[in-house]
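Comments concern the structure below.
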Amino acid sequence: MNRITFFLLLFLMGSCFGDIEKDISTDLQFEGNEIFDISLSLEESLFFPFQTLDYFLLTESLDIPGCPDVTVDERLKKVTLDFSEKEECTNSPFVQRLGKIHLQFISNSGLESTVRLEYEDYSVQGIKIEGIRDFKRSNSLLNPNIRTETFQDLLILNKINSSSRINGNYTYQLVLLNGILTGFSRTGEIEGRNIAGRPIKMTQTAAKSYTVSCIKNGLLLPGQGSENWRVFRSETQATEHKLVYTSEQQCNATATITLDDGRLMVFRLTE
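If you count by my numbering, then the sequence shown holds residues 745 to 1015, one letter each, in order.
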C-alpha cells in the first residue's frame, strides 16, 4: 500500500531529559509532521487549476494525475474531478487521492480571470482538505504567465480529524512550451493556527520549483525551495523550524525539516 515514510535523525541529544523537556521534544516532532502534511496538502493539487478547460475536455482520464473521472459543464465553465481507487491508474503510484475537486473558470473582466478550486469530501494520503482556493490571472503584457493565489480558512485534517486552519497568499510563475505547462515555481506565505491551537506562520525563503513530468509520475514534491515555519508559544516566543526541498535524482525529491532544537526529519514519497 502506498504511504509516506519518514526518517527521524536525532542528534544534539542531552544525556537526560526531565518531563518538561520530553514534552517539548514530542511537540517539536509533532509540529514537524504537521508542517509536512500542510505543505503536501497545499501542493498536491496545483497541477489542476493551471490547466485550461479544453485540457479537461480533450485529455483521457488515465492521462490526468490521479486518473479522476472528469465531468465538464461547458455552459457553466465548470470541471469536476472525481478521484477513486483504480487498479488501471498507474500515473500516481505514490499518492492516494479520494473525493472530488471542482474547478470553476471565471472571467472577472477582459483583463483578469480566476480559477476557483473547491474540495468536496477530498483527501490525499489520508489527509482531508476543506475549503476554497482562488487562482487569478492578470493579462499582463509584461508577464502573462504569473498567477496569484489567495485562500481563507482552509481546513486540513489529519487521520484522527484534528485540524489546522490556515490563510495564504502565493505567487506562481508558470513555464509553458508551445502553450503546454511544463513547470512552475511558487513563493508566498501562510498563517493560521495549528492542531494544538497555537498560531503558526510560514515565510518562504527560496522559491519552490515543480516539474510537470514528475507530477504526472506521482512525484509531487518540489525539486528545490525552502520555508521558515514559526509556531508561537506566546505573543513574543516562538519555535522556528526550517523546511528545505532537494532533488536526489530525477524526480525523487526530499523534504528535510530542521527542528528548532537542531534535529532533522526527512520525508520522501515512497512505495
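Backbone N, C-alpha and C define an ideal beta-carbon position, used for all residues, glycine too.
As assigned by DSSP and simplified to three states, the class of residue i
i, result
"L964", "coil"
"L820", "coil"
"N777", "helix"
"V956", "helix"
"D1004", "coil"
"I782", "helix"
"L886", "coil"
"G838", "For the record, residue 838 in the displayed sequence is Phe; it is not Gly. In the structure shown, F838 sits in coil (DSSP, three-state: anything other than H, G, I, E or B)."
"S908", "strand"
"T931", "strand"
"R1012", "strand"
"A950", "strand"
7 Å Cβ shell around residue i - same chain, five flanking residues per side excluded
i, result
"S785", "V868, I871, I873 and I900"
"V975", "E775, N938, R942, I944, A982 and T983"
"I959", "F791 and P809"
"L965", "Y989, A997, A999 and L1013"
"E788", "V839, V868 and L964"
"D1004", "L772, T983, E984 and H985"
"K903", "G870"
Proximal residues to residue i (C-beta, below 6 Å), its chain only, five neighbours per side dropped
i, result
"Y914", "E893, R930 and G932"
"R937", "R909 and P943"
"D781", "I871"
"S857", "S851 and R881"
"G967", "S953, S991 and A997"
"L898", "G875 and I910"
"R891", "F879, R881 and Y916"
Nearest candidate by alpha-carbon position, reference residue i, set the options
i, options, result
"S970", "S953, S957 and F879", "S953"
"L920", "T955, I934 and S836", "T955"
"L802", "V814, F791, A951 and D878", "V814"
"D826", "G923, Y863 and V859", "Y863"
"L963", "N883, Q917 and P837", "P837"
"P793", "F1011, N922 and D878", "D878"
"Q840", "S957, S853 and C811", "C811"
"S957", "N883, G927 and Y866", "G927"
"L918", "T947, L987, N887 and S907", "N887"
"L842", "Y866, L861 and L855", "Y866"
"Q994", "V859, N835 and N961", "N961"
"L987", "Q795, W973 and R977", "W973"
"L855", "E832, N883, E829 and T834", "N883"
"T947", "E829, F800, G912 and D807", "G912"
"Q896", "L861, N889 and I924", "L861"
Sequence-distant residues of its chain with Cβ nearer than 8 Å to residue i (five each side left out)
i, result
"L797", "V816, E818, K821, V823 and F849"
"F755", "Note on F755: pLDDT 38, under 50, position unreliable in the model; the coordinate value appears next. Result list for F755: G1006, R1007 and L1008, in chain order."
"S907", "L899, I900, L901 and I939"
"N905", "K872"
Terminal residues of the beta strand (DSSP E) in which residue i lies
i, result
"S857", "E856 to V868"
"F792", "Looking at the DSSP string, F792 is not in any beta strand (DSSP E), and its letter there is neither H nor E."
"A940", "Unbroken run through A940: none, as it is neither H nor E."
"I808", "Per DSSP, I808 belongs to no beta strand (DSSP E) and is neither H nor E."
"Q993", "A982 to Q993"
"K1016", "Past the boundaries of the shown model lies residue 1016; the chain is included only from 745 to 1015, so the question cannot be answered."
"E874", "I871 to E874"
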